[in-house]
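Reading through the structure tokens given below for one structure.
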Amino acid sequence: AQKVTQAQTEISVVEKEDVTLDCVYETRDTTYYLFWYKQPPSGELVFLIRRNSFDEQNEISGRYSWNFQKSTSSFNFTITASQVVDSAVYFCALSSYAGKSTFGDGTTLTVKP
Amino acid sequence: DAGVIQSPRHEVTEMGQEVTLRCKPISGHDYLFWYRQTMMRGLELLIYFNNNVPIDDSGMPEDRFSAKMPNASFSTLKIQPSEPRDSAVYFCASSSGTGYNSPLHFGNGTRLTVT
């Protein structure tokens, strides 16, 4: 069975602070994909990034960066210099060959001005 | 390029009534997923289709729920009869590729309230 754990239920930061959202996953599959999605207050779910199980290269995209460590089954997401518009619920998800995506419970990020 | 389109955006109905939620996936996407989001249970996969064929409906809570995909551009999720515990936001999502390696493109969701 697959499992995704986002231990941080809520995080509150002040604008311009850096913030890291943690994600730990469990799977018996050797081939899988990891995703981060953002759900702003308006409610829609938006795809942010995808990583496959063979690509441990970390990535930076603007203020966003991702740290994938297979040895610890973690796929963490960092926002640098946070902004109020980053306030949202962030979901980590795992998908394997069976086709199902398993989502974590989400981390609610509040960025205060 | 239009995204995933869901209708209605909001639905309020009385217990016992039939509810039909509709979804138009992104053109060219072979996979279609129905998710339900609640505070208690988070995001749950209800059912998904590949090329209009249901692949896994193990997440459908009970026989009151049914889903169809008569063609590549339309899917419905029906609840009959509805109950208050069905109140949730229902999302439709589509994806391309092999399904598991492609990101999900979500619609704006249908907020269902059953009184």
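Chains S and Y, in that order, give the protein sequences. Residues are numbered in our numbering as their position in the first sequence, beginning at 1, plus a constant of 59. Residues are numbered in our numbering as their position in the second sequence, beginning at 1, plus a constant of 10. We put the beta carbon where it would ideally sit given N, CA and C, even for glycine.
Paired residues, beta bridge with residue i - DSSP
{"i": "C151/S", "result": "W95/S"}
{"i": "G52/Y", "result": "T48/Y"}
{"i": "T137/S", "result": "T79/S and S124/S"}
{"i": "D66/Y", "result": "Y58/Y"}
{"i": "R95/Y", "result": "Paired residue(s): none; R95/Y is not in a bridge."}
{"i": "I89/Y", "result": "V29/Y and F75/Y"}
{"i": "S71/S", "result": "T169/S"}
{"i": "I119/S", "result": "S124/S"}
{"i": "I108/S", "result": "W95/S"}
Partner residues on chain Y for residue i, Cβ-Cβ distance less than 8 Å
{"i": "R87/S", "result": "Residues of chain Y passing the Cβ test: none, with the nearest at roughly 15 Å."}
{"i": "D164/S", "result": "G52"}
{"i": "R30/S", "result": "Outside the displayed span of chain S (60 to 172) sits residue 30/S, for which this structure offers no information."}
Nearest residue (CA-CA) to residue i, options the options
{"i": "R109/S", "options": "D145/S, Y123/S and T167/S", "result": "Y123/S"}
{"i": "A98/Y", "options": "V124/Y, N118/Y and N60/Y", "result": "V124/Y"}
{"i": "Q249/S", "options": "T79/S, V72/S, L80/S and S160/S", "result": "The question about residue 249/S has no answer here: the residues shown for chain S are numbered 60 through 172."}
{"i": "Q47/Y", "options": "G102/S, S120/S and D81/S", "result": "G102/S"}
{"i": "V78/S", "options": "N111/S, S146/S, G121/S and T139/S", "result": "T139/S"}
{"i": "P71/Y", "options": "N61/Y, A82/Y, S85/Y and S92/Y", "result": "S92/Y"}
{"i": "Q90/Y", "options": "G26/Y, A103/Y and M79/Y", "result": "G26/Y"}
{"i": "P80/Y", "options": "D73/Y, F59/Y and T23/Y", "result": "F59/Y"}
{"i": "D145/S", "options": "T166/S, Q116/S and P99/S", "result": "P99/S"}
{"i": "Y156/S", "options": "S105/Y, Y110/Y and G69/Y", "result": "Y110/Y"}
{"i": "L31/Y", "options": "H115/Y, L114/Y, S104/Y and F84/Y", "result": "F84/Y"}
{"i": "D96/Y", "options": "K88/Y, C102/Y and A103/Y", "result": "K88/Y"}
{"i": "S76/Y", "options": "A82/Y, E28/Y, L122/Y and G107/Y", "result": "E28/Y"}
{"i": "F113/S", "options": "K171/S, I119/S and D88/S", "result": "D88/S"}
{"i": "S37/Y", "options": "D66/Y, A103/Y, L55/Y and R121/Y", "result": "A103/Y"}
{"i": "P94/Y", "options": "P18/Y, E24/Y and R51/Y", "result": "E24/Y"}
{"i": "L104/S", "options": "R121/Y, S105/Y, L122/Y and F101/Y", "result": "F101/Y"}
{"i": "C151/S", "options": "S130/S, W125/S and P172/S", "result": "W125/S"}
{"i": "S133/S", "options": "K171/S, S120/S and N111/S", "result": "N111/S"}
{"i": "K78/Y", "options": "R51/Y, S105/Y, W44/Y and L55/Y", "result": "W44/Y"}
{"i": "L80/S", "options": "T68/S, T86/S and T90/S", "result": "T68/S"}
Neighbouring residues, chain Y, relative to residue i (Cβ below 9 Å)
{"i": "F150/S", "result": "G52 and L53"}
Presumed contact (8 Å Cβ cut-off) between residue i and residue j, rounded CB distance
{"i": "W95/S", "j": "F127/S", "result": "So it is not a contact: roughly 11 Å between Cβ atoms."}
{"i": "F162/S", "j": "L42/Y", "result": "No, F162/S and L42/Y are not in contact; Cβ-Cβ is about 17 Å, not under 8 Å."}
{"i": "A147/S", "j": "K75/S", "result": "With 8 Å as the limit, A147/S and K75/S do not qualify as a contact, their Cβ atoms being about 17 Å apart."}
{"i": "F106/S", "j": "H39/Y", "result": "The pair is not a contact, with the Cβ atoms about 13 Å apart (cut-off 8 Å)."}
Amino acids of chain S, ordered along the chain, whose beta-carbon sits closer than 9 Å to that of residue i
{"i": "L114/Y", "result": "F94, Y96, L104, F106, A152, S154 and S160"}
{"i": "G9/Y", "result": "Because residue 9/Y is not part of the residues shown, which for chain Y are 11 to 125, the question remains open."}
Under 7 Å from the C-beta of residue i: neighbouring residues of chain S
{"i": "Y100/Y", "result": "Simply none; closest approach about 12 Å."}
Min CB distance residue i to chain C below 9 Å
{"i": "Y91/S", "result": "Included in the structure are the protein chains S and Y, with no chain C among them."}
Beta-carbon proximity of residue i to residue j, cut-off 9 Å
{"i": "V63/Y", "j": "P35/Y", "result": "no"}
{"i": "Y92/S", "j": "V63/S", "result": "no"}
{"i": "E160/S", "j": "L168/S", "result": "Checking the sequence shown, residue 160/S turns out to be Ser, not Glu. No, these two residues do not count as a Cβ contact at 9 Å."}
{"i": "C33/Y", "j": "G107/Y", "result": "no"}
{"i": "G165/S", "j": "Q61/S", "result": "no"}
{"i": "I57/Y", "j": "D73/Y", "result": "no"}
{"i": "T86/Y", "j": "R19/Y", "result": "no"}
{"i": "E115/S", "j": "K129/S", "result": "yes"}
Where residue i meets chain S, residues with beta-carbon distance less than 8 Å
{"i": "N111/Y", "result": "Y92, R109, N111 and S154"}
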